[in-house]
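Colleague: Dropping a structure here in structure tokens format, bear with me for questions.
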Amino acid sequence: MSKELELASKYFPGGVNSPVRAFKSVGCEPPFIKSAYGSRVIDTNDIEYIDYVGTWGPAILGHAEESVIEAVRRKALDGLSFGAPTMVETELAQLICDAFPVIQKMRFVSSGTEATMSAVRLARGFTNRPYIIKCDGGYHGHGDSLLVSAGSGVATLAIPGCPGIPESIASNTLVVPFNDLEAVKKVFETHKDKIAAMIVEPVCGNMGVVNPKDGYLQGLRKLCDDNKALLIFDEVMTGFRGCYGGVSKITEVTPDLTTLGKVVGGGMPLAVYGGRADIMSMIAPDGPVYQAGTLSGNPIAVAAGIATLKKLKSDHTFYLKLLSTSEKLEKGLLNAAREEGIKIQSNRYGAMMTIFFTDSPVTDYESAKKSDTQMFTKWFKGMLKRKIYLPPSQFEAMFISGAHTEADLEKTIYMAKETFKEIKNN
Ligand code: KE4
0 MSKELELASK
10 YFPGGVNSPV
20 RAFKSVGCEP
30 PFIKSAYGSR
40 VIDTNDIEYI
50 DYVGTWGPAI
60 LGHAEESVIE
70 AVRRKALDGL
80 SFGAPTMVET
90 ELAQLICDAF
100 PVIQKMRFVS
110 SGTEATMSAV
120 RLARGFTNRP
130 YIIKCDGGYH
140 GHGDSLLVSA
150 GSGVATLAIP
160 GCPGIPESIA
170 SNTLVVPFND
180 LEAVKKVFET
190 HKDKIAAMIV
200 EPVCGNMGVV
210 NPKDGYLQGL
220 RKLCDDNKAL
230 LIFDEVMTGF
240 RGCYGGVSKI
250 TEVTPDLTTL
260 GKVVGGGMPL
270 AVYGGRADIM
280 SMIAPDGPVY
290 QAGTLSGNPI
300 AVAAGIATLK
310 KLKSDHTFYL
320 KLLSTSEKLE
330 KGLLNAAREE
340 GIKIQSNRYG
350 AMMTIFFTDS
360 PVTDYESAKK
370 SDTQMFTKWF
380 KGMLKRKIYL
390 PPSQFEAMFI
400 SGAHTEADLE
410 KTIYMAKETF
420 KEIKNN
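Residue numbers (numbering that gives the first Met the number 0): 0 to 425.
As structure tokens, then:
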């Protein structure tokens, strides 16, 4: 065990502050990162990697982007936190409403988990109904209601996703397969007037990237309308990842509530839930649904978010270049695998992508789980050895940033060829 991991493990479970960072699913030790810039991260042994984790999505501009760093530095000089309203929060809210017309009113919180947890409580408070529908393999943070697993069968109530979650809470969540409108229809028929909302990643990122089938999101909108339930788009990962807005903008499907995180905070602890003003008016102090936070809307985090969104908004070629880079990488990896006779699938939404080690299309969690995770592990280790830092799980997404250069892509694809050559024979 590395000396860093050994010491950290004295203080933190697994030596980490979020489980995926421990690299357990790829059976190797994580490098401890000491700094990052652009498309690179540098570990405590001064090894520099081309980074496709991007701190799990926030680093869309690349790490330590100068306008974001300068905004944080300057704001910090004014003091770190006041626990009082500030005008910078209003400025960020205006930017968010401009990018997400489906968000009329919002509340800032400090993590995506807080955002989805609050959105679920709000949906239950607004509809006065107990049940929530989520998709099998969908991840919405570690709130009790959403950290659940599919029960047996399709329309049954969920079971706790881990110890510590009471059956009484888990059983208020219904789990359906992603991309299966019939299953959602059946759940509404079985529990008609008890369903407050369906929460969905409109493009999944946590079973690996899985895109919605044509008509799926539109179908969810209709089923929720027909059953007077709310539709919640969890865009914590997809927000600003495929355009200067969300999947709701691209598909023109309007959710009642949206959650955001990651990019919107520019790498600082900031997330958002918001949507229809009539629903948000239920939130204290305007309404009876309580939600609060000491560091909610923290001015330093807000300054990072403002700088990030302003940078994304001001460069009209940003997304054109980002999507072209992402497409080139995807094509290069597919060709490299094909040349070595290794069967992979690639699912991509904008600048987030997953390479699945399977020869059949991945359209939901069941098909994602058919991937050869041992082959994924060999791929991951081979690329890490070649200084390419990938997400340490088959069921996560690679994130490409505006800082990834042609040279980064060429090196990544070259190293992928070397790795595919190496792993095909053993
Ligand atoms: P956080 O509480 O980690 O800020 O956000 C939870 C969350 C909510 N919704 C979606 C769609 C998410 O992807 C996430 C968090 N994503 C994971 C990566 N798959 C964060 C990485 C981690 O858990 O360390």
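The beta carbon of each residue, even a glycine, is placed where N, CA and C say it ideally should be. From a predicted model like this one, the values you see are computed outputs, not experimental measurements.
So, for Ala149: in the same chain, excluding its five sequence neighbours on each side, which residues have a beta-carbon less than 6 angstroms away from its beta-carbon?
Modeller: Contacts found: Asp135, Val174.
Colleague: Can Met105 and Gly273 be called in contact, C-beta distance under 8 angstroms?
Modeller: Yes, these two residues count as a Cβ contact at 8 angstroms.
Colleague: Which partner residues of Leu230 appear in the DSSP bridge assignment?
Modeller: Looking at the DSSP assignment, Leu230 forms a beta bridge with Met197.
Colleague: Using a threshold of 7 angstroms, is the CB atom of Trp55 nearer than that to any non-hydrogen atom of the ligand KE4?
Modeller: Yes, the Cβ of Trp55 comes within 7 angstroms of a heavy atom of the ligand KE4.
Colleague: Cβ of Asn425 within 7 angstroms of any heavy atom in the ligand KE4?
Modeller: The answer is no for Asn425.
Colleague: Thinking C-beta only, is Gly207 closer than 8 angstroms to Glu395?
Modeller: Yes. Within cutoff.
Colleague: Does the beta-carbon distance from Glu113 to Ala270 come in below 8 angstroms?
Modeller: The answer is yes: Cβ separation under 8 angstroms.
Colleague: Where does Gly266 fall in DSSP's three states?
Modeller: Reduced to three states, the DSSP call for Gly266 is coil.
Colleague: What residue from Phe398, Ser34, Ser170 has the CA that sits closest to Asn44's CA?
Modeller: Taking only the C-alpha atoms, the option nearest Asn44 is Ser34.
Colleague: Give me, in chain order, the residues of the same chain whose beta-carbon lies closer than 8 angstroms to that of Ile131; leave out the 5 immediate sequence neighbours on both sides.
Modeller: If we look at Ile131 and ignore the five residues flanking it on each side, its Cβ neighbours are Val119, Ala122, Arg123, Ser144, Leu145, Asn171, Thr172, Leu173, Ile194, Ala195, Ala196, Met197, Ile198.
Colleague: Gly274 bridges to which residues according to DSSP?
Modeller: Answer is Lys104, Leu256, bridged to Gly274.
Colleague: Are at least three pairs of beta-carbons, each pair with one atom in the stretch 7-16 and one in the stretch 360-371, less than 8 angstroms apart?
Modeller: Output reads no: the stretch 360-371 does not touch the stretch 7-16.
Colleague: Rounding to the nearest angstrom, what Cα-Cα distance links Met86 and Glu64 in this structure?
Modeller: Rounded to the nearest angstrom, the two C-alpha atoms are 24 angstroms apart.
Colleague: In the DSSP assignment, what are the bridge partners of Phe355?
Modeller: Paired residues: Gln344.
Colleague: Determine the DSSP secondary structure at Lys261, reduced to helix, strand or coil.
Modeller: The answer is helix: DSSP assigns Lys261 an H, G or I state.
Colleague: Kindly indicate which three-state DSSP category Leu180 falls into: helix, strand or coil?
Modeller: Residue state, collapsed to three classes: helix.
Colleague: Is the distance from the Cβ of Pro254 to the Cβ of Val40 below 8 angstroms?
Modeller: Taking 8 angstroms as the Cβ cut-off, Pro254 and Val40 do not qualify as a contacting pair.
Colleague: Is any heavy atom of the ligand KE4 found at a distance shorter than 7 angstroms from the C-beta of Met236?
Modeller: Indeed, a heavy atom of the ligand KE4 lies less than 7 angstroms from the Cβ.
Colleague: Could you name the residues that DSSP lists as bridge partners for Lys435?
Modeller: What the structure shows of the chain is the stretch from 0 to 425, and residue 435 is not part of that stretch, so it cannot be assessed.
Colleague: Identify whether Arg120 lies in helix, strand or coil by the three-state DSSP scheme.
Modeller: The answer is helix: DSSP assigns Arg120 an H, G or I state.
Colleague: Please state the DSSP three-state secondary structure of Leu333.
Modeller: Residue state, collapsed to three classes: helix.
Colleague: In the stretch 31-112, which residue ranges form an unbroken alpha helix (DSSP H) of at least 4 residues, counting only runs that do not cross its ends?
Modeller: Segments of the alpha helix (DSSP H) lying fully in the stretch 31-112: 65-75, 86-98.
Colleague: Using a threshold of 8 angstroms, state whether the C-beta atoms of Gly260 and Gly111 are closer than that.
Modeller: The answer is yes: Cβ separation under 8 angstroms.
Colleague: Is Gly244 a contact residue of the ligand KE4, with contact defined as CB to any heavy atom under 7 angstroms?
Modeller: No, the ligand KE4 has no heavy atom inside 7 angstroms of this Cβ.
Colleague: Reducing DSSP to helix, strand and coil, say where Tyr215 ends up.
Modeller: In this structure, Tyr215 counts as helix in the three-state DSSP scheme.
Colleague: Name the two residues that bound the continuous alpha helix (DSSP H) containing Gly304.
Modeller: Taken as a continuous stretch (DSSP letters only), the alpha helix (DSSP H) holding Gly304 covers 298-313.
Colleague: Quick check on Leu156: does DSSP put it in helix, strand or coil?
Modeller: The answer is strand: DSSP assigns Leu156 an E or B state.
Colleague: Who are the near neighbours of Gly53 in its chain, counting only those whose CB is closer than 6 angstroms to its CB and skipping five residues on each side?
Modeller: Same-chain partners within the cutoff: Phe398, Ser400.
Colleague: Quick one: using the 10 Å Cβ neighbour count with 16 as the cut-off for buried, is Tyr215 buried or exposed?
Modeller: Its Cβ being crowded by 16 or more others within 10 Å, Tyr215 is buried.
Colleague: Looking only at its own chain, which residues have a Cβ that is under 7 angstroms from the Cβ of Thr307, when we skip the five neighbours before and after it?
Modeller: Once the five neighbours on either side are set aside, the close Cβ partners of Thr307 are Leu60, Val67, Val262, Gly265.
Colleague: Which of the three DSSP states is assigned to Cys203 in this structure?
Modeller: In the structure shown, Cys203 sits in a strand (DSSP, three-state: E or B).
Colleague: Does the beta-carbon of Leu389 have 16 or more other beta-carbons within 10 angstroms, so that it is buried, or is it exposed?
Modeller: Burial call: buried.
Colleague: Name, in chain order, the residues that DSSP records as bridge partners for Ser148.
Modeller: DSSP output for Ser148 lists Ile158 as bridge partner(s).
Colleague: Sorry if obvious, but does the Cβ on Val40 come closer than 7 angstroms to a heavy atom of the ligand KE4?
Modeller: Val40: no, Cβ never under 7 angstroms from the ligand KE4.
Colleague: Hey, could you find the ends of the alpha helix (DSSP H) Gln290 is sitting in?
Modeller: Neither: Gln290 is in no alpha helix (DSSP H) and is coded neither H nor E.
Colleague: Our contact map puts Leu229 next to Thr316 with C-beta atoms below 8 angstroms; I'd like the distance itself, whole angstroms only.
Modeller: 37 angstroms between Cβ atoms; not a contact.
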